[in-house]
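Remarks on the structure that follows.
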Amino acid sequence: MSMREGMKRGAENERSRRREEADRAPSERVRLLTSAATTIVGLWLALSALPNPTTAAEPPRAPTAPTVIIVTGAAGEEEFGKQFTAWSDAWRKAGNLGGARVVSIGATNATGATPAAGSLTDLGRLQQTLAAEAKQSDGDLWLVLLGHGTFDGREAKFNLVGPDLAVSDLADWLKPMRRPLAIVDTSSASGAFIKKLSAPGRVIVTATRSGSEENYARFGDYLAAAIIDPLADLDRDGQISLLEAFIAASHKVSEFYRSEGRLATEHALLDDNGDGLGTPPDWFRGTRAVKRATEGGTPDGLLAAQFCLVPSDFEKRLTPAQRQRRSELETTLSRLRDLKPKLTETEYYQQLEPVLLELARLYQSVK
Ligand SMILES: [Ca+2]
Ligand SMILES: [Ca+2]
Numbered sequence: 021m022s023m024r025e026g027m028k029r030g031a032e033n034e035r036s037r038r039r040e041e042a043d044r045a046p047s048e049r050v051r052l053l054t055s056a057a058t059t060i061v062g063l064w065l066a067l068s069a070l071p072n073p074t075t076a077a078e079p080p081r082a083p084t085a086p087t088v089i090i091v092t093g094a095a096g097e098e099e100f101g102k103q104f105t106a107w108s109d110a111w112r113k114a115g116n117l118g119g120a121r122v123v124s125i126g127a128t129n130a131t132g133a134t135p136a137a138g139s140l141t142d143l144g145r146l147q148q149t150l151a152a153e154a155k156q157s158d159g160d161l162w163l164v165l166l167g168h169g170t171f172d173g174r175e176a177k178f179n180l181v182g183p184d185l186a187v188s189d190l191a192d193w194l195k196p197m198r199r200p201l202a203i204v205d206t207s208s209a210s211g212a213f214i215k216k217l218s219a220p221g222r223v224i225v226t227a228t229r230s231g232s233e234e235n236y237a238r239f240g241d242y243l244a245a246a247i248i249d250p251l252a253d254l255d256r257d258g259q260i261s262l263l264e265a266f267i268a269a270s271h272k273v274s275e276f277y278r279s280e281g282r283l284a285t286e287h288a289l290l291d292d293n294g295d296g297l298g299t300p301p302d303w304f305r306g307t308r309a310v311k312r313a314t315e316g317g318t319p320d321g322l323l324a325a326q327f328c329l330v331p332s333d334f335e336k337r338l339t340p341a342q343r344q345r346r347s348e349l350e351t352t353l354s355r356l357r358d359l360k361p362k363l364t365e366t367e368y369y370q371q372l373e374p375v376l377l378e379l380a381r382l383y384q385s386v387k
């Protein structure tokens, strides 16, 4: 990527956010655009004076391929079985397209056939698969649960053919993981998974906001489509992040219930700041959470924005270190935007500049 392209990308993100702010306050629009132009010209001049960042030493290590574990649950009825299998196929295809190692569990007997005596149950296979996964890695680990769920007031479960998966067991099995982890649970009652699974470095997406939303959830259907739908690419960077897919699928769910004139029985959530509290889709403006569950907390969505099942060609060229640094810079930008109301405009742009500069340099250094 050229310096100009890298510069453009960092600046565009900021411009897009400012556009949103200007929409809320039209009288500020001219002033903001003028500031934006001044800042960008200033950054461009400053960048031109910098030494060539491609000379900076960075270990040229290829990123580790992600693993995608797709678990298809007990269907109960044939019609559900067909749907779960179709969703599983969509996830597998996307995983393959993105160069991930894909492991499918339960898909072959999702209609409810009893496992042969002595053979491993789907639950056993899942446990074994997770135990065999690298605990420390820079490769993303996706765990995708497609099926029905239940909640008895204490324990949430994902229904498998054979013994069900209890969220407490899953939490234990995932405890040793020290790698980027996304758990996507599209089942009914899945909202009860968040509290037990939430941790730093983890994204948790659920089809419902609590264990008491127990009707069949359509979210999984729309999510399976959104993970490769170009229309879901809100920030237009050529790839669909898990955050973008969550937002797109959630909106489709809302549309479905509205167009059918039915009361929505499912409300998806996303948690990725480790606080155990999910953020609903309507708290996002674009890809930015404008509301959060706790005052002063980090917003949800920053980590989920880094998970892309089918990465763009540019994304594939980022080293793990570059990915990590970008993530840190995006978090800094997010904090800075939170602080903006308390800063003068000069203070804001003074603090913004070095972050955007470093982002631009990072993009420029991508080989
Ligand atoms: Ca995107
Ligand atoms: Ca949260």
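21 is the number of the first residue of the sequence shown in the numbering used here; add one for each residue after it.
Where is the CB? At the ideal position from N, CA and C, for every residue including glycine.
*Per DSSP, which one or two residues make a beta bridge with K177?*
In the sequence shown, residue 177 corresponds to position 157, counting from 1. When beta bridges are read from the DSSP output, K177 appears opposite T170, A186.
*Check I260 in the structure and name its three-state DSSP category.*
For the purposes of this step, residue 260 is identified with residue 240 of the sequence shown, where counting begins at 1. The answer is coil: DSSP assigns I260 none of H, G, I, E or B.
*Which residues in the same chain have their Cβ closer than 6 Å to the Cβ of A219, if we skip the five residues on either side of it in sequence?*
Numbered from its first residue, the sequence shown carries residue 219 at position 199. Closer than 6 Å at Cβ, skipping near neighbours: G294.
*asked:* Less than 8 Å between the beta carbons of L150 and W193, yes or no?
replied: Indexing the sequence shown from 1 puts residue 150 at position 130. Indexing the sequence shown from 1 puts residue 193 at position 173. In contact: L150 and W193 (Cβ atoms closer than 8 Å).
*asked:* Once the 5 residues before and after E264 are set aside, which same chain residues still bring their CB inside 8 Å of it?
replied: If you number the sequence shown from 1, residue 264 lands on position 244. Once the five neighbours on either side are set aside, the close Cβ partners of E264 are A246, A252, D253, L254, D255, T307, A325.
*asked:* List, from N- to C-terminal side, the alpha helix (DSSP H) runs of 4 residues or more that fit wholly inside the stretch 190-221.
replied: Taking 4 residues as the shortest admissible run, the stretch 190-221 contains the following complete alpha helix (DSSP H) segments, listed from N- to C-terminal end: 213-217.
*Distance cut-off 7 Å: T307 Cβ against heavy atoms of ligand 3*: Of the ligands this structure carries, namely ligand 1 and ligand 2, none is ligand 3.
_Beta carbon of A269 nearer than 8 Å to that of L289_ = Within the sequence shown, residue 269 is the residue found at index 249, counting from 1. Within the sequence shown, residue 289 is the residue found at index 269, counting from 1. Judged by beta-carbon spacing, L289 lies beyond the 8 Å limit of A269, meaning their Cβ atoms are not closer than that value.
*Start and end residues, alpha helix (DSSP H) containing D142*: Residue mapping note: residue 142 aligns to position 122 of the sequence shown, counting from 1. Looking at the DSSP string, the run of the alpha helix (DSSP H) that includes D142 is 142-152.
*Tell me whether A310 is buried or exposed, calling it buried when 16 or more other Cβ atoms sit within 10 Å of its Cβ.*
Your numbering for residue 310 matches position 290 in the sequence shown. Before going on, a small fix: residue 310 reads as Val here, not Ala. Burial check for V310: the Cβ neighbour count within 10 Å stays below 16, so the residue is exposed.
*Please go through the same chain and pick out, in chain order, the residues whose beta-carbon is closer than 7 Å to the beta-carbon of N116, but skip the five residues on each side of it.*
As a position in the sequence shown, residue 116 is number 96, starting the count at 1. Excluding residues within five positions, the ones whose Cβ falls inside 7 Å are V122.
*For A209 versus V223, is the C-beta spacing smaller than 8 Å?*
Here residue 209 refers to the residue found at position 189 of the sequence shown. Here residue 223 refers to the residue found at position 203 of the sequence shown. By the CB criterion at 8 Å, A209 and V223 fall outside the cutoff.
*asked:* Tell me which residues share the same chain as F178 and place their Cβ nearer than 7 Å to its Cβ, disregarding the 5 neighbours each side in the sequence.
replied: Sequence index remark: in the sequence shown, residue 178 carries index 158 (1-based). Here the set comprises G93, L165, G167, G169, D184, L185, D205, S207.
_R305 in three-state terms, based on DSSP_ = Position 285 of the sequence shown, counting from 1, holds the residue named residue 305. The answer is strand: DSSP assigns R305 an E or B state.
*asked:* Shorter than 7 Å, the distance from the beta carbon of Q148 to the closest heavy atom of ligand 1, or not?
replied: In the sequence shown, counting from the first residue as 1, residue 148 sits at position 128. No, ligand 1 has no heavy atom inside 7 Å of this Cβ.
*Span separating the alpha-carbon of P301 from that of L146*: Taking the first residue of the sequence shown as position 1, residue 301 is located at position 281. Taking the first residue of the sequence shown as position 1, residue 146 is located at position 126. Rounded to the nearest angstrom, the two C-alpha atoms are 30 Å apart.
*Under the rule that 16 or more other beta-carbon atoms within 10 Å means buried, what is R346, buried or exposed?*
Counted from its first residue, the sequence shown places residue 346 at position 326. Burial call: buried.
*Which residue comes first and which comes last in the alpha helix (DSSP H) that contains V375?*
Here residue 375 refers to the residue found at position 355 of the sequence shown. For V375, the enclosing alpha helix (DSSP H) begins and ends at 365-384.
_G62, buried or exposed, once every other Cβ within 10 Å from all chains shown has been counted against 16_ = The residue given as residue 62 occupies position 42 in the sequence shown. With a pLDDT of 48 at G62, under the threshold of 50, the predicted position of this residue should be treated as unreliable, though the coordinate-derived value follows. Its Cβ having fewer than 16 others within 10 Å, G62 is exposed.
*Is it buried or exposed for G317, if we count other Cβ within 10 angstroms and need 16 for buried?*
As a working mapping, residue 317 is identified with position 297 in the sequence shown. It is exposed - the Cβ of G317 has fewer than 16 other Cβ atoms within 10 Å.
_Rounded to the nearest angstrom, what separates L382 and Q342 at their Cα positions?_
In the sequence shown, counting from the first residue as 1, residue 382 sits at position 362. In the sequence shown, counting from the first residue as 1, residue 342 sits at position 322. Looking at the two C-alpha atoms, the distance is approximately 7 Å.
*asked:* Quick check on this structure: which residue in A380, K387, P319 has the alpha carbon closest to the alpha carbon of L356?
replied: On the sequence shown, residue 356 is found 336 positions in, with the first residue counted as 1. Distance from the Cα of L356 is smallest, within the candidate group A380, K387, P319, for P319.
_Through-space distance from G298 to Q344, alpha-carbon basis_ = Walking along the sequence shown from the start, residue 344 turns up at place 324. Walking along the sequence shown from the start, residue 298 turns up at place 278. For Q344 and G298, the distance between alpha carbons rounds to 23 Å.
*Under three-state DSSP, which class holds V273?*
Taking the first residue of the sequence shown as 1, we reach residue 273 at position 253. V273 falls in the helix class under three-state DSSP.
*Exposed or buried, A227, counting other C-beta atoms within 10 Å across all chains shown (16 or more means buried)?*
As a first step, residue 227 is located in the sequence shown; it is residue number 207 there, counting from the start. Burial of A227 is indicated by the presence of at least 16 other C-beta atoms within 10 angstroms of its C-beta.
*asked:* According to DSSP, is L359 part of a helix, a strand, or is it coil?
replied: The sequence position of residue 359 within the sequence shown is 339, counting from 1. Of the three classes helix, strand and coil, the one that applies to L359 here is helix, per DSSP.
*Taking just the CA atoms, how far does P83 sit from S274?*
Looking up residue 274 in the sequence shown gives position 254. Looking up residue 83 in the sequence shown gives position 63. The straight-line gap from Cα to Cα measures roughly 37 Å.
*For D295, which of helix, strand or coil comes out of DSSP?*
Taking the first residue of the sequence shown as 1, we reach residue 295 at position 275. Judged by DSSP in its simplified three-state form, D295 adopts coil rather than helix or strand.
*Integer Cβ distance of L322 from D292, believed to fall under 8 Å*: The sequence position of residue 322 within the sequence shown is 302, counting from 1. The sequence position of residue 292 within the sequence shown is 272, counting from 1. The distance from the Cβ of L322 to that of D292 is about 7 Å, consistent with a contact at the 8 Å cut-off.
*Could you name the residues, in chain order, whose CB is less than 5 Å away from a heavy atom belonging to ligand 2?*
With the cut-off at 5 Å, the residues found are D291, N293, D295, L297, D320.
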